[in-house]
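This report refers to the structure that appears directly beneath it.
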Amino acid sequence: MVKAKKRVLIIEDELNIANAQKMILGDDYEVSVANDGDSGLDMIRKLKPDLVVLDLMLPNRGGYDICFTVRQDHSLNNMKILMVTALTQQVDKNKGVMVGTDAYLTKPFEPEQLLAAVRNLLS
Amino acid sequence: MSFVHLLHGFFNFLGTTEGELLKSAIELIFFTIVDYMIISEWTRNRKKELRFLIIAFSALVIDKLFSVYFLANFVFIDSPANFWTLSTLDNFFEIFALFLVGNAFVYPVLMQKGISGKEFMAKRFVMLLLTSFVFSLVLLSIIDLRGGDFDDFWTETSIYVADIIVLMYYAGYLVANQGYKVKYMPNIVAAFMIYSVTPVINLFNIVLYDGTNRSLVVAAQPFPFISIMIFTQVIYLKLVDKATLKSQLRRSELRYAHEKEVSKLKDEFISTVSHELKTPLTSMKLYVGLLRNGKLGDLKEKQKSALGVVNGEVDRLNGLITDLLDLSRLESSKAKLDLSEFDLHDLVKDELYINMAKKSKIAVVIDVPKGFMVVADMNKLKQVFVNLLNNSLKFTPEGGKVTVSSSMSEDSWEFSVSDTGKGVEKDKIPKLFDKFYQADDYMTRTKGGIGLGLAIVKGIVELHKGTVGIESELGKGTKVTIKLPKMSAY
Chain A
0 MVKAKKRVLI IEDELNIANA QKMILGDDYE VSVANDGDSG LDMIRKLKPD
50 LVVLDLMLPN RGGYDICFTV RQDHSLNNMK ILMVTALTQQ VDKNKGVMVG
100 TDAYLTKPFE PEQLLAAVRN LLS
Chain B
0 MSFVHLLHGF FNFLGTTEGE LLKSAIELIF FTIVDYMIIS EWTRNRKKEL
50 RFLIIAFSAL VIDKLFSVYF LANFVFIDSP ANFWTLSTLD NFFEIFALFL
100 VGNAFVYPVL MQKGISGKEF MAKRFVMLLL TSFVFSLVLL SIIDLRGGDF
150 DDFWTETSIY VADIIVLMYY AGYLVANQGY KVKYMPNIVA AFMIYSVTPV
200 INLFNIVLYD GTNRSLVVAA QPFPFISIMI FTQVIYLKLV DKATLKSQLR
250 RSELRYAHEK EVSKLKDEFI STVSHELKTP LTSMKLYVGL LRNGKLGDLK
300 EKQKSALGVV NGEVDRLNGL ITDLLDLSRL ESSKAKLDLS EFDLHDLVKD
350 ELYINMAKKS KIAVVIDVPK GFMVVADMNK LKQVFVNLLN NSLKFTPEGG
400 KVTVSSSMSE DSWEFSVSDT GKGVEKDKIP KLFDKFYQAD DYMTRTKGGI
450 GLGLAIVKGI VELHKGTVGI ESELGKGTKV TIKLPKMSAY
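Chains A and B are the protein sequences, given in the same order. Following numbering that gives the first Met the number 0 from start to finish, the first sequence increments by one per residue and tops out at 122. Following numbering that gives the first Met the number 0 from start to finish, the second sequence increments by one per residue and tops out at 489.
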């Protein structure tokens, strides 16, 4: 019996980037996409994915907020979060750690970097 | 008639009951104006000091209203039978008002000492009353010895003694507490002293001449005026002072709010630009990556290498954007250091930098001992190091050498990057730190970069309160030294 693919949710408002990420991860994971903060949070609650690739600057609800909200919810305990952002400052990374992200990827990145980060978190 | 005669006549007039009325009326006007000034200030700024001043000057106003009322009655209508009682009451009331004025003016000292104003007043009131009582008894016994009538003089004597003691006590209190900050202290002391000259002269008149010496009566007249003028001036200055201070404060508050707004806009701009510029780069990089690793179909070697060029250029563009943003962040007021203690040896030994050097076939000698512990913002210092190493590698020919070394002194530490490159002309060295400056002419440039590296280095080093020094000789090489003060991480 084939083991079910793990589920990954991409929350990213830039369609081009979201599509590219879907292509990169699509072979190995079951990928869904949300294009703004609110629908992202809804889908997290509905789908309960194994990992979320979370952009920080999103319409109507920021990535830090989503991360923080998810960490307060005990039913989502095992979910991994990979923050993806153009912010390069150490303080931004610290903020990410504070709200409880598992890893942090700085834009721009290579396809292999994304794949490696996701694999690493889901292994 | 000469001016002196006129003046003498005027003061002589002031010594009569009609003169007393005029004097009291003038004093009433002055005190009312002062009181009004303080009260209107108080409605805007409810400070305790002002409350004390209001109580004191209101007491003076009531006292003067009272004297004007009964003196006018006496002068214009008929001499009331109880003139003596009213005048005595008036005098006692004036002493009490002066007592309140004294307390109001020493209030800043009390506040700085942390003493409660009410408690202080209660204690002084008893003390001053007892002292006046003792002194009056002494003077009355002198009058008695001289053969004067005790009954005629005890009220006036005790009133004047109390006047003097109250005024002198508060003047003395201010002088004794010179260490505390009281604005216009000399003026206040002078006003108290001058005010007390009149009762002193009156006392002399009573004790020595049973109050019959006309010259002493005349001599006593001008002093209360002078002191009232000084009080008015002090109050005026105090209030004007507060008003100017307040408007200055308001102005600087506005300026501060404006600066905060500008700096906030700048920070917003930086993060927006960062997001907006990097988003398309991310897209480009991801799709180029997908094309290169064959996810979107097989490619020929030539096509792959073309995409390699695109990828390299995207990286370069990203580097430039990062540099620009870093620099504008360093220039914004919010630039902060994230201090920690780390080993400089580990920082410069990082594989990434060694690989950078290996690629360009230049020998990199690292002369930083293990355990070279420093306190700085590690990420920013990494940036400094990468920029300096980058510059050295860029301008050093193949087969050259780049040396990284460090040294520690009592209150500072240094590290330097030196190379055997082509060097920089002496007159161009100071310009190296300018934004976008390149020692090479634009048209003859052989190396990439937009000239932000050293500006960033300088920004970071100055944020650490350190200095950057450059020594260079054409054809021999360049040495950049960073000197940073020793800091505490906490």
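Using N, Cα and C, we set each Cβ at its ideal position, and we do this for glycine too. Source: prediction; values computed, not measured.
Query: Which chain B residues sit within Cβ distance under 7 Å of A/P110?; Result: L285, G288, L289 and N292
Query: If you count every other CB in all the chains shown that lies within 10 Å of the CB of B/T419, and 16 or more means buried, which is it?; Result: buried
Query: Rounded to the nearest angstrom, how far is the Cβ of B/V199 from that of B/I163, given a contact under 8 Å?; Result: 6 Å
Query: Rounding to the nearest angstrom, what Cα-Cα distance links A/R60 and A/D35 in this structure?; Result: 7 Å
Query: Within the same chain, show all residues whose beta-carbon is closer than 6 Å to that of B/F12, passing over the 5 residues directly before and after it, in chain order.; Result: G18
Query: Can a CB atom of chain B be found closer than 8 Å to the CB of A/E29?; Result: no
Query: Near B/M110, which residues of its chain fall below 6 Å by C-beta distance, leaving aside the five closest residues on each side in sequence?; Result: none
Query: Taking C-beta pairs closer than 9 Å, name the residues in chain A that B/H463 reaches, listed in chain order.; Result: Under the 9 Å cutoff, chain A gives no residues; its nearest Cβ is about 15 Å from B/H463.
Query: Regarding B/F104 and the ligand MN, is the C-beta to nearest heavy atom distance less than 7 Å?; Result: Although the ligand MN was asked about, the structure shown includes no ligands whatsoever.
Query: Between which two residues does the beta strand (DSSP E) holding B/P484 run?; Result: G476 to P484
Query: For the alpha helix (DSSP H) containing A/E13, name the first residue and the last one.; Result: From DSSP, A/E13 is part of no alpha helix (DSSP H); its letter is neither H nor E.
Query: Is B/P368 buried or exposed, if buried means 16 or more other CB atoms sit within 10 Å of its CB?; Result: exposed
Query: Can you tell me whether DSSP reads B/F65 as helix, strand or coil?; Result: helix
Query: Pull up the distance between the alpha-carbon of B/E118 and that of B/V105, whole angstroms please.; Result: 13 Å
Query: For a contact defined as C-beta to C-beta under 7 Å, what are the partners of B/N317 on chain A?; Result: P107
Query: For a contact defined as C-beta to C-beta under 8 Å, what are the partners of B/S282 on chain E?; Result: Going by chain labels, chain E is absent from the structure shown, which instead holds the protein chains A and B.
Query: Identify, in the order they occur along the chain, each residue of the same chain with its Cβ nearer than 7 Å to the Cβ of B/Y194, setting aside the five sequence neighbours on each side.; Result: L166, F222, P223 and S226
Query: At the 8 Å Cβ level, is A/I23 part of the contact set with chain B, yes or no?; Result: yes
Query: Measure from the alpha carbon of B/V125 to the alpha carbon of each residue in B/I141, B/F98, B/L136 and B/V108, then state which is nearest.; Result: B/F98
Query: Please confirm if B/M486 has its CB atom under 8 Å from at least one CB of chain A.; Result: no
Query: Please state whether DSSP places B/G18 in a helix, a strand or coil.; Result: helix
Query: Rounded C-beta distance between B/V103 and B/A55? I'm assuming under 8 Å.; Result: Residue identity differs from the one stated: residue 103 of chain B is Ala in this sequence, not Val. Contact holds; Cβ gap of about 4 Å.
Query: Determine which residues share a DSSP beta bridge with B/D297 and list them.; Result: B/D297 is not bridged to any residue.
Query: With burial defined as no fewer than 16 other Cβ atoms inside 10 Å of the residue's Cβ, what is the status of A/T84: buried or exposed?; Result: buried
Query: What does a CB cutoff of less than 6 Å around B/L85 pick up in its chain, not counting 5 residues either side in sequence?; Result: F69
Query: Give the residues of chain B in contact with A/M56, contact being defined as C-beta atoms less than 7 Å apart.; Result: H274
Query: What's the C-alpha gap between A/L57 and B/N390?; Result: 38 Å
Query: By DSSP, does B/T154 sit in helix, in strand, or in coil?; Result: helix
Query: If you measure from the beta carbon of B/K277 to each beta carbon in chain A, is any gap under 8 Å?; Result: yes
Query: Who are the Cβ neighbours of B/A161 in its own chain at under 6 Å, not counting the five residues just before and after it?; Result: I94 and S131
Query: Can you find a CB in chain B that lies within less than 8 Å of the CB of A/A85?; Result: yes
Query: Run through the DSSP bridge pairs and tell me what A/R6 is partnered with.; Result: A/E29
Query: Looking at the C-beta of B/K482, does it have a partner C-beta in chain A at a distance below 8 Å?; Result: no
Query: Taking 8 Å as the CB-CB cut-off, is B/V313 touching chain A?; Result: yes
Query: So B/E118 is in the alpha helix (DSSP H); what residue range does that whole segment cover?; Result: G116 to R145
Query: Does the beta carbon of B/S270 come closer than 8 Å to any beta carbon on chain A?; Result: yes
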